[in-house]
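Enquirer: Before anything else, here's the structure in question.
Listed below in structure tokens is the structure:
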């Protein structure tokens, strides 16, 4: 692989992470950004949210795009954990699975359902908490209530906070 090709890939990754691709599509781009951000890909949504609010985008549409995208991402995380557990059991030895499950469940065991609520606030690790909830096969309805309420509260604070600034 040539040096120029590596630099080109690096610049493309920087464009994606700086939200330039998402910004071209406005609220739909924000939805996609929040969806990807909620699935353990560390793409910050605040940059694009700020840009859209500065550009005069409707604050309600921005909030809805963030909530819907992040909720769908959170549900995907749950089902990745829920179904992925079967896949891991087929691939790994039983002792490896038991030790990994103990590590994943440590946060959930310590903080319970509040960990699901606050998972929206913690980048990457919060997504892993949601995956762990799926692995642990927590009740989906209760999981959804805590996860959605956490994402809504975070979105309201971020959008109103940024909307006040801009």
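Numbering (this note's numbering), first residue to last: 679 to 844. Glycine residues also receive a C-beta, built at the ideal position from the N, C-alpha and C atoms.
Let me make sure I understand the geometry here. Which of 811, 834, 749, 760 has the alpha-carbon closest to that of residue 709?
Expert: Position 31 of the chain shown holds residue 709. Of the candidates 811, 834, 749, 760, the one whose C-alpha sits nearest the C-alpha of residue 709 is 749.
Enquirer: Identify, in the order they occur along the chain, each residue of the same chain with its Cβ nearer than 8 angstroms to the Cβ of residue 840, setting aside the five sequence neighbours on each side.
Expert: To locate residue 840, count along the chain shown from 1; it is residue 162. So the list reads 724, 727, 728, 731, once near-sequence residues are dropped.
Enquirer: Beta-carbon within less than 6 angstroms of residue 809's beta-carbon, same chain only, minus the 5 sequence neighbours each way: which residues are those?
Expert: Against the chain shown, residue 809 aligns to sequence position 131. So the list reads 755, 758, 759, once near-sequence residues are dropped.
Enquirer: Distance check for residue 717 and residue 762, CA to CA, integer angstroms please.
Expert: By one-based count along the chain shown, residue 762 stands at place 84. By one-based count along the chain shown, residue 717 stands at place 39. If I take the Cα positions, the gap works out to 14 angstroms.
Enquirer: In three-state terms, what does DSSP make of residue 681?
Expert: The residue you call residue 681 lines up with position 3 of the chain shown. Helix.
Enquirer: Over what stretch of residues does the alpha helix (DSSP H) that includes residue 802 continue unbroken?
Expert: Start at 1 with the first residue of the chain shown, and residue 802 comes out as number 124. Note, residue 802: premise wrong, no alpha helix (DSSP H); not H, not E.
Enquirer: Is residue 785 closer than 8 angstroms to residue 793 when the C-beta atoms are compared?
Expert: Counting from 1 along the chain shown, the entry for residue 793 is found at position 115. Counting from 1 along the chain shown, the entry for residue 785 is found at position 107. For residue 793 and residue 785, yes; Cβs fall inside 8 angstroms.
Enquirer: Where do the ends of the alpha helix (DSSP H) carrying residue 736 lie?
Expert: On the chain shown, residue 736 is found 58 positions in, with the first residue counted as 1. Looking at the DSSP string, residue 736 is not in any alpha helix (DSSP H), and its letter there is neither H nor E.
Enquirer: If I follow the unbroken alpha helix (DSSP H) through residue 702, where does it start and stop?
Expert: As a first step, residue 702 must be located in the chain shown, where it is residue number 24. Note, residue 702: premise wrong, no alpha helix (DSSP H); not H, not E.
Enquirer: What number of angstroms, rounded off, separates the C-alpha of residue 838 from the C-alpha of residue 819?
Expert: Start at 1 with the first residue of the chain shown, and residue 838 comes out as number 160. Start at 1 with the first residue of the chain shown, and residue 819 comes out as number 141. Rounded to the nearest angstrom, the two C-alpha atoms are 28 angstroms apart.
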